[in-house]
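Enquirer: I am attaching a structure below and will ask some questions about it afterwards.
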Amino acid sequence: PSKPGPGQKPVEKPKPPTTGSDVTYIVKSGDSLWKIANKYGTTIAQIKKDNKLTSDALTIGQKLIIYTNKKEPGKIPGQKVNKKPKKASSNTIIGKNGESLSLLAKKSNILIEKVSSAQSSTVMYQIKAGDTLYSLAERFNTEVSELMTLNKLEYPIAVIGANLQLPSDHVQRSQGIIVGAIDNTSIEVLIDGAHQALEVSYGSSHNYQYEEGQQVVLTYTTGSDNHRPALISVVQI
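Residue numbers (my numbering): 8 to 244.
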């Protein structure tokens, strides 16, 4: 390379991170910057900086450069790896709101045992379009196998409109106000004067529109270091 002339400063090339490696990630349905940052052990701010993003909005098929120190993306140290249960030929069935999994199973000739009544150790979630048992297990910080056990499922099938029992660990019920949608996967709520983001099914955030100041009862998971708080249900007062 040529040397800089008199009085000229050498042009410094951007230096890559000193540790880890970079990967090209292609955005998929249901992705958010939070999920991607958590998966690769980085931060939302770092991803936005590296990719010159001006907002948190993502589009399916978009390519992102991710710098990561993790050798195996997506694994949390100390986390047990569970074998995925066998899949049925179809993972989603459309049913009427409130129909039980067992009733829909009979209609579709799918082997699903009778679902027992909800216990005090569980809460009910109504399955939305786009939900799968895998996405619900991730969102509500549980495992597919636990959801299948609670709901007596033979196959990991998400039935749109059906009620699904969730473990009630780390679940809270509070009165508050829904402010509006943040992005495709989260809404903003106001609880006890504090603003908070709750994760929802992909593409459903704009369905949570209420009159200004409308009080509602929110049931949601409180979240953890690796999981955002997630909305389970809303009841208008």
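C-beta: ideal position from N, C-alpha, C; glycine also.
In whole angstroms, give me the CA-to-CA distance for A237 and T61.
Expert: Whole-angstrom Cα-Cα distance: 25 Å.
Enquirer: Roughly how many angstroms separate the alpha carbons of V207 and I194, rounded to a whole number?
Expert: Cα to Cα, the separation comes out at about 7 Å.
Enquirer: Thinking C-beta only, is I54 closer than 9 Å to A64?
Expert: The answer is no: Cβ separation not under 9 Å.
Enquirer: Just confirm the distance between the C-beta atoms of I245 and Q222, as a whole number of angstroms; I'd bet it's less than 8 Å.
Expert: As shown, the chain starts at 8 and ends at 244. That puts residue 245 outside it, with no answer to give.
Enquirer: Please identify the residue among S181, Q172, E150 whose C-alpha is closest to the C-alpha of D199.
Expert: Out of S181, Q172, E150, S181 has the C-alpha closest to the C-alpha of D199.
Enquirer: Report buried or exposed for N233, applying the criterion of at least 16 other Cβ atoms within 10 angstroms of its Cβ.
Expert: Exposed is the call here.
Enquirer: What are the boundary residues of the alpha helix (DSSP H) that includes Q53?
Expert: Taken as a continuous stretch (DSSP letters only), the alpha helix (DSSP H) holding Q53 covers 51–57.
Enquirer: Alpha carbon to alpha carbon, what distance is there between I189 and I51?
Expert: So the alpha carbons of these two residues sit roughly 15 Å apart.
Enquirer: Work out the CA separation of H202 and I33 for me, nearest whole Å.
Expert: C-alpha separation (whole angstroms): 31 Å.
Enquirer: Are the CB atoms of Y215 and G183 nearer to each other than 9 Å?
Expert: Contact flag unset, no.
Enquirer: Taking the alpha helix (DSSP H) that E145 falls in, what are its first and last residues?
Expert: Start and end: 140–146.
Enquirer: Is Q172 closer than 9 Å to T226 when the C-beta atoms are compared?
Expert: Not closer than 9 Å, so no.
Enquirer: Going by DSSP, what residues sit across from M131 in a beta bridge?
Expert: Its beta-bridge partners are Q172.
Enquirer: So S231 and N148 are in contact, right, with Cβ under 8 Å, and what is the actual spacing, rounded?
Expert: With 8 Å as the limit, S231 and N148 qualify as a contact, their Cβ atoms being about 6 Å apart.
Enquirer: Under 9 Å, Cβ to Cβ, is there at least one residue of chain C near S231?
Expert: Absent from the structure is chain C; it holds one protein chain and no more.
Enquirer: Tell me the rounded alpha-carbon separation between N191 and H213.
Expert: When rounded, the distance between both Cα atoms is 8 Å.
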